[in-house]
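Chains A and B supply the protein sequences, listed in that same order.
The numbers in the working numbering rise by one with no breaks, and the one at position 25 of the first sequence is 488.
The numbers in the working numbering rise by one with no breaks, and the one at position 288 of the second sequence is 439.
Here a beta-carbon is modelled for each residue, glycine too, at the ideal position from N, C-alpha and C.
Structure record follows, encoded as structure tokens.
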Amino acid sequence: MTRAHRNRRDRTGINWVFGGGYTVFGLLGAVLAVYLLYPFVTFFAGAQGNGIAVADFARPEVVSAARYSLTTAPISTAVATVFGVPLAYFLSRSEFRGKLLVDSLVILPLVLPPVVGGVMLLTGFGSFTPVGQVANSLGLTLTDSYIGIVLAQTFVASPFVVITSRAGFDSVAEYERASRSLGKGPVETFFRVSLPLSSGHILAGIALTFARSIGEFGATMMTAYNPQTMPTQIWVTFISRGVYATLPIVAVLVTLGLAVVVGIRYSGKTIGVRE
Amino acid sequence: MIRLAGVTKAYANFELDVDIELGNEITAVIGPSGSGKSTLLEVISGFETPDAGCVLLDDRPLDGVAPEQRNIGMVFQRPTLFPHLSVRENVEYGAVLTDGEIRGLCELLEIDGLMEADRSPETLSGGEKRRVSVARAIVTDPDALLLDEPTTGLDEPIRRRLKYELRRILADLDIPCIYVTHDQNEASVVADSVVVMRDGAVLQRGEYETILESPRNEFVADFVGIENLIRGEICETDSGRTVVDIAVACVEPDRTGIDDVSESEVCIGIAPESVTIAGTTRGDGGSRTRARRDRYGNTSINRIDGIVERVIPEGRSRTAFLDCGLPEAFKTVVDSNTSIDEGDEVTVEIDPSDVVVVGTHKHTGDELSTGHGRRPQVHERRTRRG
Numbered sequence: 464m465t466r467a468h469r470n471r472r473d474r475t476g477i478n479w480v481f482g483g484g485y486t487v488f489g490l491l492g493a494v495l496a497v498y499l500l501y502p503f504v505t506f507f508a509g510a511q512g513n514g515i516a517v518a519d520f521a522r523p524e525v526v527s528a529a530r531y532s533l534t535t536a537p538i539s540t541a542v543a544t545v546f547g548v549p550l551a552y553f554l555s556r557s558e559f560r561g562k563l564l565v566d567s568l569v570i571l572p573l574v575l576p577p578v579v580g581g582v583m584l585l586t587g588f589g590s591f592t593p594v595g596q597v598a599n600s601l602g603l604t605l606t607d608s609y610i611g612i613v614l615a616q617t618f619v620a621s622p623f624v625v626i627t628s629r630a631g632f633d634s635v636a637e638y639e640r641a642s643r644s645l646g647k648g649p650v651e652t653f654f655r656v657s658l659p660l661s662s663g664h665i666l667a668g669i670a671l672t673f674a675r676s677i678g679e680f681g682a683t684m685m686t687a688y689n690p691q692t693m694p695t696q697i698w699v700t701f702i703s704r705g706v707y708a709t710l711p712i713v714a715v716l717v718t719l720g721l722a723v724v725v726g727i728r729y730s731g732k733t734i735g736v737r738e
Numbered sequence: 152m153i154r155l156a157g158v159t160k161a162y163a164n165f166e167l168d169v170d171i172e173l174g175n176e177i178t179a180v181i182g183p184s185g186s187g188k189s190t191l192l193e194v195i196s197g198f199e200t201p202d203a204g205c206v207l208l209d210d211r212p213l214d215g216v217a218p219e220q221r222n223i224g225m226v227f228q229r230p231t232l233f234p235h236l237s238v239r240e241n242v243e244y245g246a247v248l249t250d251g252e253i254r255g256l257c258e259l260l261e262i263d264g265l266m267e268a269d270r271s272p273e274t275l276s277g278g279e280k281r282r283v284s285v286a287r288a289i290v291t292d293p294d295a296l297l298l299d300e301p302t303t304g305l306d307e308p309i310r311r312r313l314k315y316e317l318r319r320i321l322a323d324l325d326i327p328c329i330y331v332t333h334d335q336n337e338a339s340v341v342a343d344s345v346v347v348m349r350d351g352a353v354l355q356r357g358e359y360e361t362i363l364e365s366p367r368n369e370f371v372a373d374f375v376g377i378e379n380l381i382r383g384e385i386c387e388t389d390s391g392r393t394v395v396d397i398a399v400a401c402v403e404p405d406r407t408g409i410d411d412v413s414e415s416e417v418c419i420g421i422a423p424e425s426v427t428i429a430g431t432t433r434g435d436g437g438s439r440t441r442a443r444r445d446r447y448g449n450t451s452i453n454r455i456d457g458i459v460e461r462v463i464p465e466g467r468s469r470t471a472f473l474d475c476g477l478p479e480a481f482k483t484v485v486d487s488n489t490s491i492d493e494g495d496e497v498t499v500e501i502d503p504s505d506v507v508v509v510g511t512h513k514h515t516g517d518e519l520s521t522g523h524g525r526r527p528q529v530h531e532r533r534t535r536r537g
């Protein structure tokens, strides 16, 4: 490139935008990154300044909320996985009438406000609904109960495991065909090829489902205000004692969230491919 | 032996329609993209179900037989080695051959060194991955082997070497091997016979040399690399010689070529390498009108006059593109020592034994411009001759 050519490019600004490390893109991205980080810094600094101590983690309502969240979220995640992974595989491999409808249904809880999901669940599983009454007759309460929390979490969080698992199954269809051409039937192929090769996607989906379950608030407020999970307890504490008093539970949720994000990034690099 | 008896498979904008029998030999299936080559393999392997017709493997109907029960090996366009298994585990995944036989095959494919414990497929080169995928398919001891463009994406030297090795290995299998490729040179090296496909139909099949000598139509001729395809009409000179009148000259192919076609309107293919420059006159390209007038008055046979439009070096030789008054430029290959430049007026001489006579295109009829605008001049010359 001649000097004149280089100067001409510099004058137009093309070099400045697209060359040398994409400066403009970096600056624009930095604005968002700072925006995402800033509230965390102000919250934790403010909590420290307001004398919220580590000892507050031991308050009975904090322990109770953590216990409910940490026992319901794994169950919701397990339910979503047991039924969601087969649904993902089915959607990935089959063509049928109404597939678009099922696809849309799977995504719907993601785009609806969770509180709307809670409303739907109340009309389907509330105490005065047919299903609720049958459950009552069996001694089970589907709202304002442990089961209610699981119902809400599963409704809102299950799309994560379905969508990510499906993406995984979609990406290994060619290997599946190779396996079948080598004489292996669909079941053996699923367990020896499809499942191991999609495991990264499935685990990421499980982790996201767990994180979404444990952080679920809107639908849970509608279906099971009591017993209180961590997000519900945050709301109650905020209303009664102010924003910084929520530190202990917020800290637990932020730690869990970080663990999930780091876990997904790590598993994405290691699972499914032999080094 | 594989037989596809009246097999059809329709898609939104394409239909496969074949009735063909493939013996225990290597058959190359060639054709442009979208001609149905891969669909043919899909139907044979059982991943696609035909709308009508039946696939038979050694007289065994494969209707309703799942892909894993057909015992048909397949080498995919991408190697599709399982990334979570080692190279050895990949090769042994569906193996029914004995350890000794597998070892022998791996030595033959020169992948025995890759079978060390825990070697990941991710560490292999493109050529090694292809060899492993071929080995993985062969160790299942298949009754037929399908290979879908197995050398696609490889560097030229690796590709060149692999095709010779594949020829050697596949020839020993004594099962039907169907080798899909878009490279006619590869087809000629690897396969015993060739099937040319287009728009889901088989246009011609036979040994590669046979297809080269007598392509069924212009499309086949063009696809197998026959250049200088020119339409003309068979007629007789007053001396009784049968020639093809191509409007700007007359070409006299070998009698065998002419006798093979029934139509009077034919297409001839003239290999650029078989054309020699008989005479050159320096020019600046401005005398085309005079050159054309002289050409139409030229009654000599197997000689064409033209003006050099451009000369392109190709390795040790050069390809000259001549404006001979034909719908497309006439190509001829000259060695690098031949003095020829753009604008030169040249006369080329055609070796009749290298002229291929093709039946008039029946498929779509629009592959070559017919040059009908020159017909009155042809008739005029014929009258004068007669």
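Which residues, in order along the region 615-646 of chain A, keep a beta-carbon less than 8 Å from a beta-carbon of chain B? E637, Y638, R640, A641, S642, R643, S644, L645 and G646
How would you call A722/A, buried or exposed, if buried means at least 16 neighbouring beta carbons within 10 angstroms? Classification for A722/A: exposed.
Coarse secondary structure for G726/A, derived from DSSP in three states: Three-state result, G726/A: helix.
Taking 8 Å as the threshold (beta carbon to beta carbon), is S196/B in contact with chain A? It does; some Cβ of chain A falls within 8 Å.
is_contact[V656/A, chain B] using C-beta, thresh 8 Å: yes
With the cut-off set at 8 Å, would you say P423/B and N488/B are in Cβ contact? Going by C-beta atoms, P423/B is not nearer than 8 Å to N488/B.
Are the CB atoms of T686/A and L564/A within a distance shorter than 8 Å? no
Within 10 angstroms of the Cβ of V345/B, are there 16 or more other Cβ atoms? Answer buried if so, exposed if not. It counts as buried.
Neighbour-count burial assignment, T534/A, 16 or more Cβ in a 10 Å radius: exposed
Can you list, in chain order, the residues of its chain whose CB lies under 6 Å from that of S661/A, leaving out five sequence neighbours each side? G631, F632 and V635
Under 9 Å Cβ-Cβ, which residues of chain A neighbour E219/B? Residues of chain A with a Cβ closer than 9 Å to the Cβ of E219/B are, in chain order, S642, R643, S644, L645, G646, K647, G648, P649, E651 and T652.
Neighbour list for G224/B in chain A, Cβ cutoff strictly below 7 Å: S644
Work out the CA separation of V283/B and G376/B for me, nearest whole Å. 32 Å
Which two residues bound the contiguous alpha helix (DSSP H) that contains A551/A? P523 to R556
6 Å Cβ shell around A429/B - same chain, five flanking residues per side excluded: T498 and E500
Say whether chain B places a C-beta atom closer than 8 Å to the C-beta of L660/A. yes
Taking all protein chains shown into account, do 16 or more other C-beta atoms lie within 10 angstroms of the C-beta of D299/B, making it buried, or fewer, making it exposed? So D299/B counts as buried.
Please check the pair V180/B and K188/B, which I expect to be a contact at CB under 8 Å, by giving their CB distance rounded to whole angstroms. 5 Å
Just to confirm, are Q335/B and F374/B a CB contact at a threshold of 8 Å? In contact: Q335/B and F374/B (Cβ atoms closer than 8 Å).
Quick check on the burial criterion: 16 or more other C-beta atoms within 10 angstroms. Buried or exposed for N599/A? exposed
So what's K562/A in DSSP terms, helix, strand or just coil? Note: K562/A maps to helix in three-state DSSP.
Shorter than 8 Å from the beta carbon of A161/B to some beta carbon of chain A? no
Looking only at DSSP bridge pairs, what is A156/B linked to? C205/B
Under 7 Å, CB to CB, which of the residues in the region 290-306 of chain B have a partner in chain A? Going along the region 290-306 of chain B in chain order, one finds T291 with a Cβ nearer than 7 Å to chain A.
Taking only three categories from DSSP, how would you classify E240/B? helix
Output yes or no for whether 8 Å exceeds the beta carbon distance between I397/B and I381/B. yes
Quick test of your reading: T540/A and F680/A, contact by CB under 8 Å. State the CB separation rounded to the nearest angstrom. Contact doesn't hold; Cβ gap of about 17 Å is too wide.
Is I153/B close to chain A, meaning its C-beta is less than 8 Å from at least one C-beta of that chain? Cβ-Cβ to chain A under 8 Å: no for I153/B.
Would you list the one or two residues that DSSP bridges to P212/B? L207/B
Among S621/A, P711/A and P659/A, which residue has its Cα nearest to the Cα of A536/A? Selected option, being the one with the closest Cα: S621/A.
Supposed close pair E493/B, R461/B - CB separation, criterion 8 Å: At roughly 6 Å, the Cβ-Cβ gap stays under 8 Å, so E493/B and R461/B are in contact.
Cβ pair E364/B, V507/B closer than 8 Å: yes
Any chain A beta carbon closer than 8 Å to G277/B: no
Going straight from the alpha carbon of K160/B to that of M348/B, what length do you get? 15 Å
Looking at the unbroken beta strand (DSSP E) that takes in M225/B, where does it start and where does it end? Residues I223 to V226.
Is there a Cβ from chain B that is less than 8 Å from the Cβ of R560/A? no
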